[in-house]
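S.K.: Our numbering puts the first residue of the sequence shown at 2, with every later residue one more than the last. Yeah, the Cβ is synthetic: ideal placement off N, Cα and C, and Gly gets one too. First, the structure itself, so that you have it in front of you.
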Amino acid sequence: MNHIICDLRIHPLPSKKSNLPQRIFHFYKWAMLKGVQLLSTGNITHPSWLNKLEQSLTLAPLPGLYQPCSNSLKKEIFPSCQHEVYFLLGGEVCNIYKKKGKTWKAHNLIYLPHFQAAKNLQKKLAPFGNLHQNVPQLNLDAKNLLEILTEISEHAFLIPVHLSNNTTPPIYHNITPQTLKEFFEDMSDLIFALEINPIDQHCLKNFDLPLPFHLTHVRSSNASQPQKIGQAGLALTKILDFYNLKSSLQNKNHISFAYWTENLLLSPKLNYPSTASTSSPPIQETFSHPQRFSLSPPQRSTPELKKILQTIYPYQKIEQKYMEILQKLGPELKILWEVPLETIEKQTSSTLKEAISQIRNGQPLHQNQIFLQNKNQTKIPAQKTFYFYQPKRKKKAPIITPPTSKNISPPTLTSPPLNKKLPLRQNIPPNLSKQVHSLLTSLSTAQKEAVTLPSNSYALITGPAGTGKTTTLLHRILYETLTSLPQEKKLLIFSTSQQNKKEIYEKLAQFLPPSTLHQIQITTFSDFALHFLIYETTFLTDAKTLTLLDELDKIELLQLAKQKQIPSIPPSNRSILDEIAYIKCHSYFPEDLSSNQYLTTPNISGTFQLYQKNLEIRNLFDLEDILLWHIQILKLQPHHAKYYQQRYQTIFIDEYQEITSLEFELLHFLGNKASIPIFAAGNPDQCISSYRGANMLYCQCFHKNYPNAKIIYLSRQYRTTKTILQSAINVLDRNLLPQSYFPTPPPSSPPLFVFKAKSPVDEGERIATIIQEIVQNPFSILPLNENQYPHLKPFTFQDIAILYRLKSQALPIECALNHASIPYQKLDWHSLREDWDIRKLISILRLLYNPNLDIDTLQFLKHFHQNWSENFFLKLKKFSQQNQENYFHTLQNNEFQNSIQKEEKKSLQKLLHQYHQLQEKIYKIPIQNLVYQVLQTFDLPKGREHEKHFQNKIQQLLKIAQPHKWDLPAFLRQIALQTDKDTYQPHAQKVNLLTIHNAKGTEFPVVFLPGCEKKLMPYLKKGAAKFDRLNEEKRLFYTALTRGKQLVILSYCTKRVWLGQKTNSIPSPFLKKINKRCLKSLPNFKKKRPTQLQLF
């Protein structure tokens, strides 16, 4: 090649099971295929990686560069692609530290001339962070890092990538002349180059921030996979050794241009003109101040060869054609820039020659096919075109915001035109056609209409509870998969929980073969956003090491913030966190919070800002932050719309009425920007999650969001009885049900039963007595005629559910069930997380992976040693603030250890020794073994080793860890994402105890609903908007009643302890709304003594 391609930034650190030497050779091979001659090794701060590099590489003839020890590797590469590849010792580190009352964050690239310098650097950096991470996070000043580099070797150099502090807007990072001086102070003169990327260009365009144009602006691929190297880099005029490369970057010589490939662009407006372009837009159309944007070296963009091949060949043949072209013409970049067009036409085809010619001349390139060729090779231009320099984007369509008033209707969104009808699969096998026919035979007319809609339809399935909305949605998924799903696309299904994901997968697996199941992606909104941040974007450079907080962690973080600055806010932390989540879901500004009727906490604006500040300082995320970041990145990187459009054919959503504002905004991007059809199921009457930002208006206005959408109303009832559904409808203040809701003739349905108890304890005992009877003979205790209801037969424990409004109601019921020897399962993940020893275990696992978390450090100290003095913690905070470092680094500070008592110092050193021994094992043993190592090292159970209850909790954790195997960060994120529903075992022969919110989506033959009292149903918080809250409580009661298929038994107490005081209770006003003919009182009965049930 006429140019020497240099890629200075990669992340080759492999997965735990990969062979490190093979990983090095894979990068070496792909460097030849891509045309890269000079490649960074990456991750030189990682001890294991550096050792393997030293064993696998040898000195090259050029000083400061290295080559693989084996010369036989070239034989595996096409002769046309063989050339010399040299390695440069380099890596990336992240500096996070406090200085001058601010949090400073810097990503820097470091380069060293030999292995001994790299080993010395590891010794210097080891006290400041975990070097076993892909990008180590160091509690070290950027200036001090530069000083260490110059001390180790005068030839070492540093290139900054991102620099930010508290004054930098959180959605981007930038490097300006001022930030260089702020970060590196008097050593800023040693910085002679910086890496510019599309994020920095975005800052230039939107925030009018200047770049330091006296420096050399380099680009690199930031590749973590061998196939992605060379996507950006520098083009040199000749091969340079390490020392001449540094001199070239300083003096800006021997560098032709910097380039990047098209798929790295954030926005079409940010393109620099190509050096070979004759029709590119002038710079004045791209930036507001053209005289400031003469970057050195010149910047050049080019598409990937595979992207060009996608416009010519079918999807299945792209990889094969790509390798054939490389074998004939040489490395990829050489083909794009230097190979003569005549040679390309002779060796491949005229269509590829025409495509590369258009690219070199800056002309438009067609999106799907450049030319459609018929038998006579007649060239017919395609209709759709994709411009290399794309035209300006249109204004964004407004997003619906839920109105605060009931009479205000949301604005109408413009829906994209429907895609062309996709052709059905040809030659459907007879067994598949039989399956398609069997899918439709069991459905009603309305369900068949929904299932057989065209594959590009936007649709909403709605109707009362129990009308088969979820069943219709599953049938639609099966129907579309069997008839019109191309092999290169997937169906995206958003579920409500991890347990719901398993249930959907098991149902689909009964009909679809494994070869087809891989085309169905089932996920939650949180998992979808998290996967995007970690694997599908490089916007967050430290996304793979992000730490998620669950509810308990957020409470501790909030308490820490309250102790420091806001001691006057009330102690009800859970309600504060609910309001903070409500604020994030609605994207409110701080000045709007004081007048919001839903927010009752005093000074919620200051509390929210302080909470968010603590998250940013500690690099922590909560679930709302994940969705916020996902949406912001999609707005900044609109090219993801094309990616999603090519990947997904249809989006399916169950429980659409429960989506939040953030989830709706994500769906708006997928449905409108990416033009992916949305097929949803939901009922506004079952919207019961407004505490987390859900709004039923999104379901009610589906036809306005998507004007071409089809709304299908299901009326036939499949689940519950007429009496139960009529009673639930009455609570919503609706009219009587039409006869079309039920089959003809409807079966006789028993009434709802209600009984009065003296206290919650008495209520629990009566429930246990009824359960003992109905599992043997329902008619022995219920006032029913056996001849009138012959379909009522003895129930099993699995058929029974006890639903309650508040978790505090479960305790007396649990005691009564235990006393009566009735097995039960309680859906309560938080009870496991609240277990003291489980919290210790998760805390130490998280601290092993990320020692920068002050919350886990305090738990580590308090839980594993109880004899620390108050003076110990005061000194810990003082030293931490003085040195601007986190608690864990302060504990390792010799000055701090010498300032505490001798006994405390010995205990601390013992704990740190045990910690470092375990930290060395986190990448060497599976997570399940690591859990047992932690339990054994710290004697964690403390006498509970043989306790059955504790062992069950450990087994639950190990069950979650099993699919993650060696991936500790993924396991910790899964722990944070777990919910109560995920602990549900639908096939367990036990009575089910769960809240009404967790019961959504389930159904049981028998449902108990205790606590039907005025203070519990409805449960209205003080200061909340009573009208909206009362309506949601009605919907919650409606949901609880419709969970029952045959029997619903209500109960209330005359006395209950409320807020620490014993008060008199009156029945819920909802009971008065139920027709007296549908409600029957249970007579007083004697409570049975606990006996062994004779079930067999």
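1. Rank 149, 197 and 106 by C-alpha distance to the C-alpha of residue 127 and give the top, closest one.
2. Measure how close the beta-carbons of residue 759 and residue 1056 come, nearest whole angstrom, since I'm counting them as under 8 Å.
3. From this set, 37, 1035, 1042 and 558, which residue's C-alpha is nearest residue 611's C-alpha?
4. Can you tell which of 1005, 702 and 904 has its C-alpha closest to the C-alpha of residue 721?
5. Residues in its own chain within less than 8 Å of residue 421 by CB, not counting five upstream and five downstream?
6. Going by Cα to Cα distance, which pick from 221, 936, 965 and 967 is closest to residue 1?
7. Going by C-alpha to C-alpha distance, which of 233, 857 and 523 sits closest to residue 11?
8. From the DSSP output, read off the bridge partner residues of residue 218.
9. Using 8 Å as the threshold, is the C-beta distance between residue 1044 and residue 769 below it?
10. Taking the straight line between their C-alpha atoms, what separation do you get for residue 239 and residue 4?
11. Considering only C-alpha positions, which residue in the set 1000, 45, 973 and 1074 is nearest to residue 549?
12. Out of 135, 110 and 1017, state which residue places its alpha-carbon closest to the alpha-carbon of residue 761.
13. Between which residues of its own chain and residue 692 is the CB-CB distance below 6 Å, once the five residues before and five after are set aside?
14. Out of 1009, 910, 444 and 1071, state which residue places its alpha-carbon closest to the alpha-carbon of residue 728.
15. Using a Cβ-Cβ cut-off of 6 Å (strictly less than) and excluding sequence neighbours within five positions of residue 93, which residues of its own chain qualify?
16. How many Å lie between residue 455 and residue 511 at the Cα?
17. Answer yes or no: do residue 236 and residue 257 have a C-beta to C-beta separation smaller than 8 Å?
18. Assuming residue 447 and residue 679 form a contact by the criterion Cβ under 8 Å, report the distance between their Cβ atoms to the nearest whole angstrom.
19. Which residue wins for smallest C-alpha separation from residue 968, given the options 1007, 980 and 925?
20. Going along the chain, which unbroken runs of the beta strand (DSSP E) with 3 or more residues stay wholly within the region 294-369?
21. Does DSSP put residue 548 in a helix, a strand or coil?
22. If you reduce the DSSP assignment to three classes, tell me which class residue 190 lands in.
23. Flag this pair as yes or no: are the beta carbons of residue 683 and residue 661 separated by less than 8 Å?
24. Could you check where the alpha helix (DSSP H) with residue 143 kicks off and where it finishes?
25. Should the region 795-812 be regarded as contacting the region 984-1004, the criterion being three or more beta carbon pairs within less than 8 Å?
26. What number of angstroms, rounded off, separates the C-alpha of residue 794 from the C-alpha of residue 982?
27. Output yes or no for whether 8 Å exceeds the beta carbon distance between residue 857 and residue 848.
28. What are the start and end residues of each continuous beta strand (DSSP E) run of 3 or more residues lying completely inside the region 1039-1065, in chain order?
29. Which residue's Cα is closest to the Cα of residue 492: 581, 643 and 649?
30. For residue 171, collect the residues of the same chain with a Cβ closer than 8 Å to its Cβ; drop the 5 residues on either side in sequence, then sort them by chain order.
31. Give the C-beta separation of residue 810 and residue 1012 to the nearest angstrom, bearing in mind that I take them to be a contact with Cβ-Cβ under 8 Å.
32. What's the gap between the Cα of residue 7 and the Cα of residue 40?
33. Leaving out the 5 sequence neighbours to the left and right, which residues in its chain are closer than 8 Å to residue 424 when beta-carbon positions are compared?
34. Using the Cα positions of residue 913 and residue 99, report the straight-line distance between them to the nearest angstrom.
35. For residue 671, I'd like the list of residues in its chain whose CB is within less than 7 Å of its CB, leaving aside the five on either flank, ordered along the chain.
M.R.: Concretely, from the data shown:
1. Sequence index remark: in the sequence shown, residue 127 carries index 126 (1-based). Considering only alpha carbons, the answer is 149.
2. Stepping through the sequence shown from its first residue, residue 759 is reached at position 758. Stepping through the sequence shown from its first residue, residue 1056 is reached at position 1055. Contact flag correct, Cβ pair sits at about 7 Å.
3. Residue mapping note: residue 611 aligns to position 610 of the sequence shown, counting from 1. Comparing Cα positions, the closest option is 558.
4. Along the sequence shown, one-based indexing puts residue 721 at 720. Across the set 1005, 702 and 904, the C-alpha of 1005 shows the shortest separation from the C-alpha of residue 721.
5. Numbered from 1 along the sequence shown, position 420 holds the residue referred to as residue 421. Unreliable placement is indicated for residue 421, whose pLDDT of 33 sits below 50; the coordinate value is still reported in the next sentence. Close CB contacts of residue 421 within its chain, under the 8 Å cut and outside five residues either way in sequence, are with 457 (chain order).
6. Lying before the first or after the last residue shown, residue 1 is absent from the chain, which here runs from 2 to 1097.
7. Here residue 11 corresponds to residue number 10 of the sequence shown, with the count starting at 1. Residue 233 holds the alpha-carbon nearest to the alpha-carbon of residue 11 among 233, 857 and 523.
8. Counting from 1 along the sequence shown, the entry for residue 218 is found at position 217. 195, per the DSSP bridge assignment.
9. Along the sequence shown, read from residue 1 onward, the residue named residue 1044 stands at position 1043. Along the sequence shown, read from residue 1 onward, the residue named residue 769 stands at position 768. Contact: no.
10. In the sequence shown, counting from the first residue as 1, residue 239 sits at position 238. In the sequence shown, counting from the first residue as 1, residue 4 sits at position 3. The alpha-carbon atoms of residue 239 and residue 4 are separated by roughly 7 Å.
11. Counted from its first residue, the sequence shown places residue 549 at position 548. Among 1000, 45, 973 and 1074, the Cα nearest to that of residue 549 is on 973.
12. Along the sequence shown, read from residue 1 onward, the residue named residue 761 stands at position 760. Closest by alpha carbon: 1017.
13. Against the sequence shown, residue 692 aligns to sequence position 691. So the qualifying residues of the chain are 579.
14. Taking the first residue of the sequence shown as position 1, residue 728 is located at position 727. Looking only at 1009, 910, 444 and 1071, the smallest Cα-Cα distance to residue 728 is reached by 1071.
15. Here the question's residue 93 lines up with position 92 in the sequence shown. Annotation for residue 93: 110 and 136 place their beta carbon closer than 6 Å to its own, counting only its chain and skipping 5 residues before and after.
16. Locating residue 455 in the sequence shown gives position 454, where the first residue counts as 1. Locating residue 511 in the sequence shown gives position 510, where the first residue counts as 1. Straight-line spacing of the CA atoms in residue 455 and residue 511 works out to 24 Å.
17. Against the sequence shown, residue 236 aligns to sequence position 235. Against the sequence shown, residue 257 aligns to sequence position 256. With a cutoff of 8 Å on beta-carbon distance, residue 236 and residue 257 are scored as near each other.
18. In the sequence shown, the residue the question calls residue 447 occupies position 446. In the sequence shown, the residue the question calls residue 679 occupies position 678. Actually they do not touch by this definition, with Cβ atoms about 19 Å apart.
19. Taking the sequence shown and counting its residues from 1, the one referred to as residue 968 is at position 967. Cα-wise, what sits closest to residue 968 is 925.
20. The qualifying runs are 300-303.
21. By 1-based counting over the sequence shown, the position of residue 548 is 547. In the structure shown, residue 548 sits in a strand (DSSP, three-state: E or B).
22. Start at 1 with the first residue of the sequence shown, and residue 190 comes out as number 189. Three-state DSSP puts residue 190 in a helix.
23. On the sequence shown, position 682 is the one that residue 683 refers to. On the sequence shown, position 660 is the one that residue 661 refers to. No, Cβ-Cβ distance for residue 683 and residue 661 is not below 8 Å.
24. Stepping through the sequence shown from its first residue, residue 143 is reached at position 142. Looking at the DSSP string, the run of the alpha helix (DSSP H) that includes residue 143 is 143-153.
25. Segments in contact, yes.
26. Translated into the one-based positions of the sequence shown, residue 794 becomes position 793. Translated into the one-based positions of the sequence shown, residue 982 becomes position 981. The alpha-carbon separation between residue 794 and residue 982 amounts to approximately 29 Å.
27. Numbered from its first residue, the sequence shown carries residue 857 at position 856. Numbered from its first residue, the sequence shown carries residue 848 at position 847. Closer than 8 Å, so yes.
28. Within the region 1039-1065, the runs of beta strand (DSSP E) that reach at least 3 residues and sit entirely inside it are, in chain order, 1045-1054, 1056-1059 and 1062-1065.
29. To locate residue 492, count along the sequence shown from 1; it is residue 491. Checking every option, the nearest Cα to that of residue 492 belongs to 649.
30. Reading the sequence shown from its first residue, position 170 is the one you call residue 171. With a pLDDT of 36 at residue 171, under the threshold of 50, the modelled position of this residue cannot be trusted; read the value that follows with caution. Once the five neighbours on either side are set aside, the close Cβ partners of residue 171 are 617.
31. Within the sequence shown, the letter at position 809 stands for residue 810. Within the sequence shown, the letter at position 1011 stands for residue 1012. The Cβ separation is near 5 Å, so the contact holds.
32. Counting from one through the sequence shown, the residue named residue 7 turns up at place 6. Counting from one through the sequence shown, the residue named residue 40 turns up at place 39. Whole-angstrom Cα-Cα distance: 6 Å.
33. The count along the sequence shown starts at 1 and reaches residue 424 at position 423. Reliability of the predicted coordinates at residue 424 is poor, the pLDDT of 36 falling under 50, and the value obtained from them is presented with this limitation in mind. Answer for residue 424: 485, listed in chain order.
34. Position 912 of the sequence shown, counting from 1, holds the residue named residue 913. Position 98 of the sequence shown, counting from 1, holds the residue named residue 99. Here the alpha carbons of residue 99 and residue 913 stand approximately 24 Å from one another.
35. The residue labelled residue 671 in the question sits at position 670 within the sequence shown. Excluding positions up to five away in sequence, the list reads 645, 652 and 677.
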